[in-house]
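Below you'll find the structure, written out as structure tokens, and then a few comments.
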Amino acid sequence: MAARLEKLISGGQTGVDRAALDAALEVGIEIEGWCPKRRRAEDGTIPERYPLTETPERGYRARTRRNVEDADGTLVLNWGPLDGGTALTVRHARQAGKPCLVVQLEDGLEPAVFRAWLADHSIGVLNVAGPREGKRPGVRAAALACMTALLRAVVFEGRRDEATALERPS
């Protein structure tokens, strides 16, 4: 069974959040998510190209919780120790009873494993989270490469299934 990923949500912070949003935009997957009031991020203001909804709070906890709750499951792309807001995301997902896959970027994730996880948990709306760039310099580039490969595999898988179905005699 192919995964049917319809939407990717994230909080818009530097690092993993924006890498995931950019990868989704590149492959044509719809994006949205919650961000802090005034589109707050460590580098100033989250760019408008990301269609995120502001929470009433300026802190990050509310957007983290809302993104977990609005998703069918959460993919955490981590680099280094699991701590801070990244650990909070995992705790929220577990408390909400939502599927949560934690991947160490240095170990990678096979696209087939990702597709199977999406399908096994019926994930149509995926939250992606992880450390910010200021905390783990270089994480954005690693996360962008990982997410682009994973999302391309999901999109390609769906197109291949459709093409195969069209070629079969009726």
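In this text, residue positions in the sequence shown follow my numbering: the first is -4, and each later residue adds one.
In this text, a Cβ means the ideal position worked out from N, Cα and C, and glycines have one as well.
None of the values given here were measured: they were computed from a predicted structure.
Simplified DSSP assignment, three categories, for residue i
i, result
"residue 35", "strand"
"residue 14", "helix"
"residue 50", "coil"
"residue 60", "helix"
"residue 104", "coil"
"residue 137", "helix"
In DSSP terms, what residue i is bridged to
i, result
"residue 68", "121"
"residue 97", "71"
"residue 29", "48"
"residue 4", "27, 122"
"residue 40", "35"
Residue i versus the options, residue with shortest Cα-Cα distance
i, options, result
"residue 25", "47, 37, 101", "47"
"residue 57", "87, 44, 149", "87"
"residue 17", "98, 135, 152, 150", "135"
"residue 38", "10, 45, 62", "10"
Do the segment 114 to 124 and the segment 65 to 83 meet, that is, are 3 or more Cβ pairs less than 8 angstroms apart? yes
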